[in-house]
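Novice: So that we are looking at the same thing, I have put the structure below in structure tokens.
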Amino acid sequence: MPQGISQHLFLPKGRGIGLKDGKLDKEPFRKVLPVLAAKVAPEKAGVLLKSSVMKRSLLDVPRVKSVARGPNDERLVLLKYSDQADLTPEVQDFLQTQSAELVSHDIVFDYDYWTADEIIHAILPEEIESGAPSGFATVGHLAHLNLRPEYLPYKYVIGQVILDKSPTCRTVINKLDNIANQFRVFRMELLAGEPDYVVTQSENGCQFTFDFREVYWNSRLHTEHERIIANFKTEDVVADVFAGVGPFAIPAAKKGCAVLANDLNPSSYKYLTQNIAENKVDSLVRPSCEDGRAFIRSAFNRAYDDSLPPVPPRKPSKAEVKERRAEGQAPPPPPGPTRQRVDHFVMNLPDTAILFLDAFRGVLSPANAGERDLSGLYAEGSMPMIHCHCFTRELEPEKAEVDIRQRVEEKIGQGLGEEATFHWVRSVAPQKEMYCVSFRLPHAAAFASP
Ligand SMILES: C[S@@+](CC[C@H](N)C(=O)[O-])C[C@H]1O[C@@H](n2cnc3c(N)ncnc32)[C@H](O)[C@@H]1O
616 MPQGISQHLF LPKGRGIGLK DGKLDKEPFR KVLPVLAAKV APEKAGVLLK SSVMKRSLLD
676 VPRVKSVARG PNDERLVLLK YSDQADLTPE VQDFLQTQSA ELVSHDIVFD YDYWTADEII
736 HAILPEEIES GAPSGFATVG HLAHLNLRPE YLPYKYVIGQ VILDKSPTCR TVINKLDNIA
796 NQFRVFRMEL LAGEPDYVVT QSENGCQFTF DFREVYWNSR LHTEHERIIA NFKTEDVVAD
856 VFAGVGPFAI PAAKKGCAVL ANDLNPSSYK YLTQNIAENK VDSLVRPSCE DGRAFIRSAF
916 NRAYDDSLPP VPPRKPSKAE VKERRAEGQA PPPPPGPTRQ RVDHFVMNLP DTAILFLDAF
976 RGVLSPANAG ERDLSGLYAE GSMPMIHCHC FTRELEPEKA EVDIRQRVEE KIGQGLGEEA
1036 TFHWVRSVAP QKEMYCVSFR LPHAAAFASP
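The sequence shown begins at 616 in the numbering used here and counts up by one.
Set out below in structure tokens:
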């Protein structure tokens, strides 16, 4: 049996199609395929589409409707052949019984039809076509690419195709360097669309707005944010040492936690503050803009001196209010006590977070706590948990654990014990694995004299 027209339906790869003076020319992507169509009265179209005899002869091309309208409002049920001789006798007999007339119909496939991948592969020259950039990450309305040098001559065209083909995308950029600076931001160039870098991205039920040129954001960390937040109990107090624009702090507050959220980057702080307000968690999150080390040294004292608000009472539904009234029940209990102790530290600055751990040494001793007696709040066995992100070159989990444990213990000045967990987060580059080590702050380290 002949294969039908779909065998002709592809764009040749690696031919430099659609490039004119270095710009995108959409015309060469137009392709016209003549097919046979069974012209029937509107009420007959469904009969043909459902018929088991017709099944293998109907047009089956992605993103193309199998029925078109004729000039007098008849229906054209499209077939996958262009030559009547390719139709089986059963199909021809069936069409006759349905009074269907066979006509020729042109299907037009143009620039709008092809996927971004198909177009990019057609545009690029043969030598570099096979490794063409296929995926890109998005943040809000912005798509970001990391083009290898050989694709740079085609960067604007690639950007334009991505813009045209992504309905929610308004801006396409290319990263210009790897992030190695203190605030983990990278330089970028506009490839296509509007020069608008202030994006709004949702994650874990919260909205985050920020200028992508000025702050750190990585949508790939979404599950890691969620995993860490799942560790927090509603009544916990969380101190986020490297908070960015709030992807740990704000969802944690949404679940009832009180949060001290800190970031040294003034722009992160600005958007963190804005996001706290926009997500309506102002009463539960206290933002600050200071060095992580100073923040760690002061977090315990701040929570003690200016205790954090209690877990907000859950707003009862209208039905619950009605039910309580009907049953003559007392109003819901008042909120619990304010919160004075920190239960978790989050430290997501994988490149150097471990180096900040020595700030915990003696943090609860009189040398740092002054006259406050924090020993009742922080007893052995109920010390805060520290979730510290880091990189390791070790690929095997056992070796990674040994490496990370040794570096953490050296900084904190105590053994971590068997309770510590080592969670693999993702591979960042060859020989660069991201982990999160979670451990209880050793009592002896926190109360150690200087
Ligand atoms: C890898 S980002 C993580 C941001 C956020 N927690 C997240 O998960 O998306 C690290 C953050 O640490 C901030 N940072 C870098 N050095 C710092 C320091 N010495 N003290 C406090 N924050 C710092 C950066 O500005 C950046 O926002």
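Glycine included, every Cβ here is placed at the ideal spot set by N, Cα and C.
Hey, V706 and L693 are a contact pair by Cβ (cut 8 Å); roughly how many whole angstroms apart?
Specialist: Here residue 706 refers to the residue found at position 91 when the sequence shown is read from its first residue. Here residue 693 refers to the residue found at position 78 when the sequence shown is read from its first residue. Rounded, the Cβ-Cβ distance is 14 Å, inconsistent with contact.
Novice: Would you say E905 touches ligand 1, meaning its beta carbon is less than 8 Å from a heavy atom?
Specialist: The sequence position of residue 905 within the sequence shown is 290, counting from 1. Yes, the Cβ of E905 comes within 8 Å of a heavy atom of ligand 1.
Novice: Quick one: grab the DSSP three-state call for S1053.
Specialist: Stepping through the sequence shown from its first residue, residue 1053 is reached at position 438. Note: S1053 maps to strand in three-state DSSP.
Novice: Only counting the same chain, and skipping five residues up and downstream in sequence, which positions put a Cβ closer than 7 Å to that of C821?
Specialist: As a first step, residue 821 is located in the sequence shown; it is residue number 206 there, counting from the start. Result list for C821: I865, P866, K869 and N894, in chain order.
Novice: Give the range of the alpha helix (DSSP H) segment to which K594 is assigned.
Specialist: No answer is possible for residue 594: it lies beyond the span of the chain, which begins at 616 and ends at 1065.
Novice: Secondary structure at A752, three-state DSSP: helix, strand or coil?
Specialist: Your numbering for residue 752 matches position 137 in the sequence shown. Strand at A752.
Novice: To which residues does DSSP link P1045 through a beta bridge?
Specialist: Here residue 1045 corresponds to residue number 430 of the sequence shown, with the count starting at 1. According to DSSP, P1045 bridges with nothing at all.
Novice: In the DSSP assignment, the beta strand (DSSP E) including E818 goes from what residue to what residue?
Specialist: Position 203 of the sequence shown, counting from 1, holds the residue named residue 818. Start and end: V813 to E818.
Novice: Give me, in chain order, the residues of the same chain whose beta-carbon lies closer than 7 Å to that of P924; leave out the 5 immediate sequence neighbours on both sides.
Specialist: Counted from its first residue, the sequence shown places residue 924 at position 309. Once the five neighbours on either side are set aside, the close Cβ partners of P924 are A873, S898, L899 and T953.
Novice: Smallest Cα separation from H959: which of F1054, A945 and D906?
Specialist: Position 344 of the sequence shown, counted from the start, is the residue given in the question as residue 959. Cα-wise, what sits closest to H959 is F1054.
Novice: Just to confirm the assignment, what range does the alpha helix (DSSP H) spanning K770 have?
Specialist: Position 155 of the sequence shown, counted from the start, is the residue given in the question as residue 770. Note, K770: alpha helix (DSSP H), K770 to K780.
Novice: So the candidates are G750, Q797, D792 and A994; which of them puts its Cα closest to the Cα of G774?
Specialist: Numbered from 1 along the sequence shown, position 159 holds the residue referred to as residue 774. When only C-alpha atoms are compared, the closest one is G750.
Novice: So, at 6 Å on beta carbons, what are the nonlocal neighbours of I1097 in its own chain, with the 5 sequence-adjacent residues on each side left out?
Specialist: Outside the shown range of the chain (616 to 1065) lies residue 1097, about which nothing can therefore be said.
Novice: Go ahead and pull the three-state DSSP assignment for I863.
Specialist: Along the sequence shown, one-based indexing puts residue 863 at 248. Residue identity differs from the one stated: residue 863 is Phe in this sequence, not Ile. F863 falls in the coil class under three-state DSSP.
Novice: Can you tell me which of the three DSSP states M616 falls into?
Specialist: Position 1 of the sequence shown, counted from the first residue, corresponds to residue 616. Residue placement at M616 is poorly supported in this model, since its pLDDT is 41, which falls under 50; the coordinates are not used for a value here.
Novice: Considering only heavy atoms of ligand 2, does any lie closer than 8 Å to the CB of D878?
Specialist: The model on display carries ligand 1 but not ligand 2.
Novice: Going by other Cβ atoms of all chains shown within 10 Å of its Cβ, with 16 needed for buried, is N793 buried or exposed?
Specialist: As a working note, residue 793 is residue 178 in the sequence shown. By the neighbour-count rule (16 or more Cβ atoms within 10 Å), N793 is not buried but exposed.
Novice: Taking all protein chains shown into account, do 16 or more other C-beta atoms lie within 10 angstroms of the C-beta of K654, making it buried, or fewer, making it exposed?
Specialist: For the purposes of this step, residue 654 is taken as the residue at position 39 of the sequence shown. That one is buried.
Novice: In this structure, does DSSP put E804 in helix, strand or coil?
Specialist: For this step, residue 804 is matched to residue 189 along the sequence shown. Looking at E804 - three-state DSSP - the assignment turns out to be strand.
Novice: Using the C-alpha atoms, what's the distance from S781 back to P748?
Specialist: Walking along the sequence shown from the start, residue 748 turns up at place 133. Walking along the sequence shown from the start, residue 781 turns up at place 166. About 15 Å.
Novice: Using 8 Å as the Cβ pair cut-off and three pairs as the minimum, do the stretch 922-940 and the stretch 973-985 touch?
Specialist: No, the stretch 922-940 is not in contact with the stretch 973-985.
Novice: With V800 and V754 assumed to form a contact (beta carbons below 8 Å), what rounded beta-carbon distance in angstroms separates them?
Specialist: As a working mapping, residue 800 is identified with position 185 in the sequence shown. As a working mapping, residue 754 is identified with position 139 in the sequence shown. Contact flag wrong, Cβ pair sits at about 13 Å.
Novice: Helix, strand or coil for L767, going by three-state DSSP, please let me know.
Specialist: As a working mapping, residue 767 is identified with position 152 in the sequence shown. In this structure, L767 counts as helix in the three-state DSSP scheme.
Novice: Measuring CB to CB, does V860 end up less than 9 Å from L875?
Specialist: If you number the sequence shown from 1, residue 860 lands on position 245. If you number the sequence shown from 1, residue 875 lands on position 260. No, the pair does not count as a contact, with Cβ atoms beyond the cut-off.
Novice: Where do the N-terminal and C-terminal ends of the beta strand (DSSP E) with I969 fall, by residue?
Specialist: By one-based count along the sequence shown, residue 969 stands at place 354. I969 -> no beta strand (DSSP E), and no H or E assigned at all.
Novice: For L1056, is the classification buried or exposed, using 16 other Cβ atoms within 10 angstroms of its Cβ as the cut-off for buried?
Specialist: Translated into the one-based positions of the sequence shown, residue 1056 becomes position 441. Flag for L1056 reads buried.
Novice: What's the C-alpha gap between G637 and F644?
Specialist: Along the sequence shown, read from residue 1 onward, the residue named residue 637 stands at position 22. Along the sequence shown, read from residue 1 onward, the residue named residue 644 stands at position 29. In a straight line, the C-alpha of G637 is about 16 Å away from that of F644.
Novice: Between F975 and ligand 1, is the CB less than 8 Å from at least one heavy atom?
Specialist: Here residue 975 corresponds to residue number 360 of the sequence shown, with the count starting at 1. Checking every heavy atom of ligand 1 against the Cβ of F975, none is found closer than 8 Å.
Novice: Could you tell me which whole beta strand (DSSP E) segments of length 3 or greater appear in the stretch 904-991?
Specialist: Runs found: 959-962.
Novice: Going by DSSP, what residue range makes up the beta strand (DSSP E) through V1023?
Specialist: Here residue 1023 is taken as the residue at index 408 of the sequence shown, counted from 1. Counting along the chain, V1023 falls outside any beta strand (DSSP E), though it belongs to the alpha helix (DSSP H) covering P1012 to I1027.
Novice: Using a threshold of 9 Å, state whether the C-beta atoms of H756 and D701 are closer than that.
Specialist: Counting from 1 along the sequence shown, the entry for residue 756 is found at position 141. Counting from 1 along the sequence shown, the entry for residue 701 is found at position 86. No, they are not a contact pair.
Novice: Put Q797 into one of helix, strand or coil per three-state DSSP.
Specialist: Against the sequence shown, residue 797 aligns to sequence position 182. Coil at Q797, not helix or strand.
Novice: Could you check whether the stretch 991-1006 touches the stretch 967-981, counting it as contact only if at least three pairs of C-beta atoms, one from each stretch, sit closer than 8 Å?
Specialist: These segments touch.
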